[in-house]
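K.L.:
For the protein sequence lines, the chains are A and B, in the order given.
Counting in the working numbering, the first sequence runs without a single skipped number right up to 347 at its last residue.
Counting in the working numbering, the second sequence runs without a single skipped number right up to 347 at its last residue.
Note that the Cβ used here is the ideal one computed from N, Cα and C, for glycine as well.
Bear in mind the structure is a predicted one, so any value in this text is a computation, not a measurement.
My questions all concern the structure below.
Protein chains: 2
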Amino acid sequence: MRVRSSLKDVAARAGVSARTVSNVVNGSARVSAETRQRVQEAIDELGYRPNLAARSLRAGRTGIIGLAIPELHSPYFAELAGLLVDEARRRSWTVIIDQTQGDAEAERRLLTGDGGRVMDGLIISPWALGARDLTDTARSLPVVLLGERSPQGLADRVAVDNVAAADEATTHLLARGHRRIAAIGLQPHLENGTAEQRAEGWRRALRRAGITPRPDWELAVTSLHRTDGARAMAHLLDGDTVPDAVFAFSDELALGALHTAHARGVSVPRDLAIVGFDDIEDGRFSNPSLTTVSPDKRQIAQRALQCLADRIYSPQNDLPASDLTIAHRLIVRGTTDPAVTAAP
Amino acid sequence: MRVRSSLKDVAARAGVSARTVSNVVNGSARVSAETRQRVQEAIDELGYRPNLAARSLRAGRTGIIGLAIPELHSPYFAELAGLLVDEARRRSWTVIIDQTQGDAEAERRLLTGDGGRVMDGLIISPWALGARDLTDTARSLPVVLLGERSPQGLADRVAVDNVAAADEATTHLLARGHRRIAAIGLQPHLENGTAEQRAEGWRRALRRAGITPRPDWELAVTSLHRTDGARAMAHLLDGDTVPDAVFAFSDELALGALHTAHARGVSVPRDLAIVGFDDIEDGRFSNPSLTTVSPDKRQIAQRALQCLADRIYSPQNDLPASDLTIAHRLIVRGTTDPAVTAAP
DNA sequence: ATCGATGATTTCAACGTGGCAATACCTGCT
DNA sequence: AGCAGGTATTGCCACGTTGAAATCATCGAT
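Here is the structure:
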């Protein structure tokens with residue numbers, strides 16, 4: 004049981020050298036049809052499979068890339084991870100997924116490659132780590148950052164234009180006549196700047212409409228889960244002035260807010276409009292369905308892998324860091340437009 | 004840039020042999036405090052990291068296990084994957100995730116280890132592949148099946164008691180006075196037997212209550228997504244007799260059904276009660292929140308990894324296949340009980 | 001018959017690591 | 001001084017694969 008045959012075994016059985024077997028497996032050199040067939044038979048009979056560890060040792064590459072995300076159970080990251088795994092397979096790479104849980108130590112450990120280096124490259128969506136922490140790693144390993152920018156210009160970056168997208172979402176609410184618009188999702192405790200950018204877009208849109216953003220309506224959250232959104236919404240509803248619209252920095256926050264509104268008997272979108280961010284599957288099927296900013300996730304996956312491929316296969320590590328802006332669009336659904344009910 | 008130092012480099016710098024450096028790294032032999040410190044300094048200065056490919060080649064193990072699931076973007080699998088990754092890290096294993104998309108070829112390719120073997124073991128949740136296909140693989144690689152049973156007894160299996168759980172869910176609906184109970188989620192096109200087991204539990208509960216299960220109320224779906232649930236619900240509402248309750252074989256199906264009910268103006272739970280299966284996060288925050296069968300996902304992750312560990316570290320591959328039944332419980336929420344509204 | 005060219009196959013070495021056994025060194029004892 | 005009984009360190013090899021270069025065979029042209 005659990006027998007493993009090597010090139011040598013196959014070679015012995017086929018009566019050729021190990022190198023010839025290697026050539027057959029890789030198609031790397033010319034091999035006569037006759038020999039090829041004989042070798043192939045031996046391979047099949049022995050059930051030979053190449054040993055990837057040996058191959059990697061020789062080649063200096065593993066064919067494995069890492070994906071570091073805060074958590075896999077959150078729909079946005081799960082969807083993104085799925086797309087990345089697919090896209091990686093298309094390039095015959097395997098993906099190792101690591102969850103950092105927004106833990107700075109975990110993110111750092113991953114980046115420094117503690118305990119050994121397996122990955123040819125790394126795609127990371129940093130939360131706890133600031134851009135400066137990423138600098139060292141990017142020097143020794145191709146790194147693509149999702150969302151966060153690397154100041155030294157050592158790693159590529161793929162992200163949506165958060166300010167513009169948030170502005171657009173807020174402007175949509177303004178256009179529908181809302182004036183008392185709160186924002187949920189600030190994360191002052193994290194190094195990550197994404198939330199602040201979205202807040203900036205929200206403020207910008209309000210100011211343009213002649214409205215002064217209320218600081219007490221910039222609601223901070225610990226994480227981006229539904230519970231946090233629910234709690235923030237409850238807080239808003241308990242306030243002296245109640246908003247007539249909410250821009251949540253993630254769909255999960257938005258869905259949590261929606262749940263609280265429903266539980267408190269606040270009618271959405273009549274008494275309260277809600278816009279989310281991410282366009283996760285659940286938002287399409289919530290009641291009412293969720294208006295949201297939809298980043299082109301497939302594009303994120305494709306671009307991130309393209310960046311990685313460029314660096315991994317580049318002879319010198321002299322590529323300038325690219326900063327790719329991903330397309331996004333506002334999808335109007337039931338939480339801002341009463342006319343929308345059916346699922347797409 | 005992108006320099007990699009090896010044991011040899013460290014050895015040269017510290018003025019010792021490569022073997023001694025190896026000893027320091029692994030703590031495998033006695034090394035004098037003085038030497039250890041000198042070596043450690045050299046390691047730090049050079050930023051040495053052990054080469055895992057070489058280590059694997061030598062040891063015959065990679066420290067990597069595979070996780071094959073149909074799709075990562077589906078919340079149930081995403082949550083489960085997250086738990087498995089966590090649990091694996093606790094055992095210092097890394098997880099490679101592969102999505103089979105319910106594609107028989109993909110599942111088979113993965114199992115036969117086409118293109119080389121990296122994994123020390125595999126946890127697979129088979130859809131397209133029947134149990135018999137799994138037999139060959141399990142002979143050469145430790146395999147744990149999630150849900151499906153291996154007939155030859157070659158692979159371990161971890162699953163909930165689907166029949167009992169479905170029976171329980173249906174009995175709950177009966178206890179609340181429902182009589183016209185439909186089932187959504189049959190998958191006659193798949194080899195996977197899970198759906199059929201849940202259908203069996205549903206039929207059993209109905210019969211015990213003196214009700215003959217209507218075959219036209221066993222609704223088949225292509226996949227377990229919200230859309231499929233929405234479509235099935237629409238079909239039911241268009242029928243001559245309309246059910247007063249629905250048991251959906253997954254939470255996603257249930258949420259899709261809930262969405263359609265809402266869109267059609269059917270009040271849940273007053274006119275229609277709904278029970279799902281999986282206890283995904285979204286169900287806790289839907290409006291109303293979703294009654295569901297909750298399998299102990301953490302237990303699934305722990306047990307699956309325990310099985311794998313047992314086989315990987317077992318000197319002979321002579322362990323009998325274990326068949327572990329995972330605990331589950333019915334969580335009653337808003338879609339069956341009007342008294343429940345708030346999120347837990 | 002000899003040479004060159006082309007194609008097919010082989011030999012050699014090396015990637016970085018850890019198991020094994022050998023060696024060097026030290027301490028205390030007779 | 002010689003020797004047993006440690007402890008600390010080292011050299012050699014193999015794991016399975018592939019790049020580079022060498023060898024062998026074949027065939028057509030001179």
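#1: Strictly by DSSP, which residues pair up with B:ILE67?
#2: Check whether the Cβ atoms of B:ALA167 and B:GLY150 sit closer than 8 Å, and answer yes or no.
#3: Checking 8 Å against the spacing of the C-beta atoms, do A:ALA84 and A:ILE68 come in under that value?
#4: Closer than 8 Å, CB to CB, is B:ALA346 near chain A or not?
#5: When we look at the beta-carbon of A:GLN200 and count the other beta-carbons within 10 Å, is it buried (16 or more) or exposed?
#6: Within 10 angstroms of the Cβ of B:LEU323, are there 16 or more other Cβ atoms? Answer buried if so, exposed if not.
#7: Give the DSSP-derived three-state secondary structure of A:LEU189 in the structure shown.
#8: Taking DSSP as the reference, what is the three-state secondary structure of A:HIS262?
#9: Roughly how many whole angstroms lie between the Cα atoms of B:HIS238 and A:ILE126?
#10: Determine the direct distance from the alpha carbon of B:LEU193 to that of B:HIS228, and round the result to whole angstroms.
#11: Quick one: grab the DSSP three-state call for A:ARG306.
#12: Name the chain B residues that come within less than 9 Å of A:SER31, Cβ to Cβ?
#13: How close, in whole Å, do the beta carbons of A:LYS300 and A:LEU86 come, if the pair is a contact with beta carbons under 8 Å?
#14: Is the beta carbon of A:ALA14 closer than 8 Å to that of A:THR23?
#15: Please give the ranges of any alpha helix (DSSP H) in the segment 10-57 of chain A, keeping only runs that are unbroken, at least 4 residues long and fully inside the region.
#16: DSSP three-state label for A:GLU74, please.
#17: Which partner residues of B:ASP159 appear in the DSSP bridge assignment?
#18: Given a threshold of 16 other Cβ atoms within 10 Å of its Cβ, counted over all protein chains shown, does A:THR263 qualify as buried or as exposed?
#19: Rounded to whole angstroms, what's the CA-CA distance from A:GLU171 to A:LEU333? Just pull it up for me.
#20: Which term fits B:ALA204, buried or exposed, when burial requires 16 or more other beta carbons within 10 angstroms of its beta carbon?
#21: Give me, in chain order, the residues of the same chain whose beta-carbon lies closer than 8 Å to that of B:PHE80; leave out the 5 immediate sequence neighbours on both sides.
#22: How big is the Cα-Cα spacing for A:THR197 and A:THR225?
#23: Comparing C-alpha positions only, which one of B:VAL146, B:LEU275 and B:VAL121 sits nearest to B:GLY337?
#24: DSSP on B:PRO298, reduced to helix/strand/coil?
#25: Could you tell me whether any Cβ in chain B is nearer than 8 Å to the Cβ of A:GLU82?
#26: Find the nearest neighbour of A:ARG7 within the set B:ARG64, B:ASP219, B:GLN190 and B:THR38, judged by alpha-carbon distance.
#27: I want to verify the contact list: residues of chain B whose CB lies under 7 Å from the CB of A:PRO272, in sequence order.
#28: In or out: B:ASN29 buried (at least 16 other Cβ within 10 Å) or exposed?
#29: Which same chain residues, not among the five before or five after A:ARG179, have their C-beta less than 7 Å away from its C-beta?
#30: Under the rule that 16 or more other beta-carbon atoms within 10 Å means buried, what is B:TYR316, buried or exposed?
#31: On the CB-based measure, 16 or more other CB atoms within 10 Å of its CB, does A:GLU44 come out buried or exposed?
#32: What residue does the alpha helix (DSSP H) around A:ARG103 start on, and which one ends it?
#33: Measure the beta-carbon distance from B:GLY286 to B:ASP254 and round it to whole angstroms, keeping in mind my assumption that it falls under 8 Å.
#34: Closer than 9 Å, Cβ to any Cβ of chain A: which residues of the segment 31-60 of chain B, in chain order?
#35: Please confirm if B:ILE187 has its CB atom under 8 Å from at least one CB of chain A.
#36: Using the beta-carbon count (16 or more within 10 Å), is B:GLU284 buried or exposed?
P.N.:
On the basis of the data shown:
#1: Taking the first residue of the second sequence as 1, we reach residue 67 of chain B at position 64. In DSSP, B:ILE67 forms a bridge with B:THR97.
#2: The count along the second sequence starts at 1 and reaches residue 167 of chain B at position 164. The count along the second sequence starts at 1 and reaches residue 150 of chain B at position 147. No; because the gap between Cβ atoms is not below 8 Å, this pair is not in contact.
#3: By 1-based counting over the first sequence, the position of residue 84 of chain A is 81. By 1-based counting over the first sequence, the position of residue 68 of chain A is 65. Not in contact: A:ALA84 and A:ILE68 (Cβ atoms no closer than 8 Å).
#4: Reading the second sequence from its first residue, position 343 is the one you call residue 346 of chain B. Residue placement at B:ALA346 is poorly supported in this model, since its pLDDT is 43, which falls under 50; the coordinates are not used for a value here.
#5: To locate residue 200 of chain A, count along the first sequence from 1; it is residue 197. A:GLN200 should be labelled buried.
#6: Numbered from 1 along the second sequence, position 320 holds the residue referred to as residue 323 of chain B. The displayed chain sequence assigns Pro, not Leu, to residue 323 of chain B. It is exposed - the Cβ of B:PRO323 has fewer than 16 other Cβ atoms within 10 Å.
#7: Working through the first sequence from its first residue, we reach residue 189 of chain A at position 186. Reduced to three states, the DSSP call for A:LEU189 is strand.
#8: One-based indexing of the first sequence puts residue 262 of chain A at position 259. The answer is helix: DSSP assigns A:HIS262 an H, G or I state.
#9: Start at 1 with the first residue of the second sequence, and residue 238 of chain B comes out as number 235. Start at 1 with the first residue of the first sequence, and residue 126 of chain A comes out as number 123. Within the model, the alpha-carbon separation for B:HIS238 versus A:ILE126 is close to 43 Å.
#10: Position 225 of the second sequence, counted from the start, is the residue given in the question as residue 228 of chain B. Position 190 of the second sequence, counted from the start, is the residue given in the question as residue 193 of chain B. Cα to Cα, B:HIS228 sits roughly 15 Å from B:LEU193.
#11: Here residue 306 of chain A is taken as the residue at index 303 of the first sequence, counted from 1. Residue state for A:ARG306 is assigned as helix, using DSSP reduced to three classes.
#12: Residue numbering aside, residue 31 of chain A sits at position 28 when the first sequence is read from its first letter. Neighbours of A:SER31 in chain B, taken as residues whose beta carbon is under 9 Å from its own, are absent, since the nearest beta carbon is some 15 Å off.
#13: To locate residue 300 of chain A, count along the first sequence from 1; it is residue 297. To locate residue 86 of chain A, count along the first sequence from 1; it is residue 83. Taking a contact as a CB-CB distance under 8 Å, the pair A:LYS300 and A:LEU86 counts as one, their CB atoms being some 6 Å apart.
#14: The residue you call residue 23 of chain A lines up with position 20 of the first sequence. The residue you call residue 14 of chain A lines up with position 11 of the first sequence. Yes, the pair counts as a contact, with Cβ atoms nearer than the cut-off.
#15: Those alpha helix (DSSP H) runs which fall completely within the segment 10-57 of chain A and span 4+ residues are 10-17, 21-29 and 36-49.
#16: One-based indexing of the first sequence puts residue 74 of chain A at position 71. Of the three classes helix, strand and coil, the one that applies to A:GLU74 here is coil, per DSSP.
#17: Here residue 159 of chain B refers to the residue found at position 156 of the second sequence. DSSP, once it has assigned bridges, lists B:VAL147 as partnering B:ASP159.
#18: Against the first sequence, residue 263 of chain A aligns to sequence position 260. Burial of A:THR263 is indicated by the presence of at least 16 other C-beta atoms within 10 angstroms of its C-beta.
#19: Locating residue 171 of chain A in the first sequence gives position 168, where the first residue counts as 1. Locating residue 333 of chain A in the first sequence gives position 330, where the first residue counts as 1. Answer to the nearest angstrom: the Cα atoms are 7 Å apart.
#20: On the second sequence, position 201 is the one that residue 204 of chain B refers to. The question names Ala, yet the displayed sequence has Gly at residue 204 of chain B. With 16 or more neighbouring CB atoms inside 10 Å of its own CB, B:GLY204 falls in the buried class.
#21: Indexing the second sequence from 1 puts residue 80 of chain B at position 77. ILE72, PRO73, GLU74 and SER128.
#22: One-based indexing of the first sequence puts residue 197 of chain A at position 194. One-based indexing of the first sequence puts residue 225 of chain A at position 222. Roughly 14 Å separates the two Cα atoms.
#23: By 1-based counting over the second sequence, the position of residue 337 of chain B is 334. If we check each option's Cα against that of B:GLY337, B:LEU275 comes out closest.
#24: To locate residue 298 of chain B, count along the second sequence from 1; it is residue 295. In the structure shown, the three-state DSSP call for B:PRO298 is strand.
#25: Residue 82 of chain A sits at position 79 when you count from the first residue of the first sequence. For A:GLU82, the closest Cβ of chain B is nearer than 8 Å.
#26: Here residue 7 of chain A refers to the residue found at position 4 when the first sequence is read from its first residue. Minimum Cα distance to A:ARG7 is reached at B:ARG64.
#27: Taking the first residue of the first sequence as 1, we reach residue 272 of chain A at position 269. Chain B residues near A:PRO272: none, gap ~14 Å exceeds 7 Å.
#28: Locating residue 29 of chain B in the second sequence gives position 26, counting from the first residue. Around the beta carbon of B:ASN29, fewer than 16 other beta carbons sit within 10 angstroms, so the residue counts as exposed.
#29: Position 176 of the first sequence holds residue 179 of chain A. Spatial neighbours of A:ARG179 in its own chain (CB-CB distance under 7 Å, excluding positions within 5 residues in sequence) are listed in chain order as ALA276 and THR339.
#30: The count along the second sequence starts at 1 and reaches residue 316 of chain B at position 313. The residue in question, B:TYR316, is exposed, as its Cβ has fewer than 16 Cβ neighbours within 10 Å.
#31: If you number the first sequence from 1, residue 44 of chain A lands on position 41. Label assigned to A:GLU44: exposed.
#32: If you number the first sequence from 1, residue 103 of chain A lands on position 100. Just to set this straight, residue 103 of chain A is Thr in the shown sequence, not Arg. Looking at the DSSP string, A:THR103 is not in any alpha helix (DSSP H), and its letter there is neither H nor E.
#33: Here residue 286 of chain B refers to the residue found at position 283 when the second sequence is read from its first residue. Here residue 254 of chain B refers to the residue found at position 251 when the second sequence is read from its first residue. The beta-carbon separation of B:GLY286 and B:ASP254, rounded to 5 Å, stays under the 8 Å limit for a contact.
#34: Only those residues of the segment 31-60 of chain B whose C-beta falls short of 9 Å from the nearest C-beta of chain A are listed: GLY50, ARG52, PRO53, ASN54, LEU55, ALA56, ALA57, ARG58, SER59 and LEU60.
#35: The residue labelled residue 187 of chain B in the question sits at position 184 within the second sequence. At a cut-off of 8 Å between C-beta atoms, B:ILE187 does not count as an interface residue with respect to chain A.
#36: Counting from 1 along the second sequence, the entry for residue 284 of chain B is found at position 281. The C-beta of B:GLU284 has 16 or more other C-beta atoms within 10 Å across all chains shown, which makes the residue buried.
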